[in-house]
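Each residue of the sequence shown is one higher than the one before, counting from 1 in our numbering.
Note that CB positions come from ideal geometry on N, CA and C, so glycine has one too.
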Amino acid sequence: MSDKGESYKVISDNRQARFRYEVLETYEAGIELKGTEVKSIREGKVNLRDGYALIRGSEAWLLNVHISPFLKSSDYFNHEPRRTRRLLLHKKEIRKLIGKVEQQGLTLVPLKMYLKRGLVKVVIGLAKGKKLHDKRETLKKRQDQRDMERAMKR
């Protein structure tokens, strides 16, 4: 029994979400998928950019995430690219998220999708939307950091 540690392969990263939102907390969730969806994810055919998560009842759902149809399969067996998918979280985590989303007006955003021990996992971020001036400030800080690194190289 050799344990390789916590190795995982990142399939898709939602960098735009980190720019649009201020991420307060992150949660790792499993995701309920069909066979052709898993095959497409392994090929890297996923887009998290427009995705978000909702909590309905006592279940978490991932909406508007595009997983391209598996090309080596017929259309009969394939999945719908933007279908709603159930997220697998502990009930305690879901209860905690319900309170924060409803009371504080926060959003659940998918940040990253990866394979961990052969299973597809999604990192969901509890996020607060940034205003336009916050986005500009982020860009300015990033540019200043680059300028400082260039100056240090010389």
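- Contact between Ala53 and Leu87 holds, with the beta-carbon distance rounding to 6 angstroms and staying under 8 angstroms.
- For Ser12, the enclosing beta strand (DSSP E) covers residues Tyr8 to Asp13.
- Arg142 and Leu89 have their C-alpha atoms spaced approximately 34 angstroms apart.
- Within the same chain, and ignoring the five residues on either side of Lys130 in sequence, the residues whose Cβ sits closer than 7 angstroms to its Cβ are Arg20, Tyr21 and Glu22.
- Using a 10 angstroms sphere on the CB of Thr36, the tally of other CB atoms reaches 16 or more, which defines it as buried.
- For the pair Ser40 and Ser7, the CB atoms are not nearer than the 8 angstroms cut-off.
- Cβ contact annotation for Leu62 (same chain, cutoff 6 angstroms, sequence separation greater than five): Ala53, Arg85 and Leu87, in chain order.
- Per the coordinates, the alpha-carbon of Glu32 lies some 38 angstroms from the alpha-carbon of His133.
- Ile55 sits close to Ile98, with the two beta carbons spaced by under 8 angstroms.
- In the DSSP assignment, Thr138 forms no beta bridge with any residue.
- The criterion of a C-beta distance shorter than 8 angstroms is satisfied by Ile11 and Met113.
- Contact annotation: Ala29 and Lys121 have beta-carbon atoms nearer than 8 angstroms.
- A residue is called buried when at least 16 other Cβ atoms come within 10 angstroms of its Cβ; Tyr76 does not meet this threshold and is exposed.
- Per DSSP, the unbroken beta strand (DSSP E) holding Leu108 starts and ends at Thr107 to Lys116.
- Sequence-distant Cβ neighbours of Pro110 in its own chain, meaning closer than 8 angstroms and more than five residues away, are Asn14, Ala17, Leu48, Gly51, Tyr52, Ala53, Leu62, Val65, Val122, Val123, Ile124 and Gly125.
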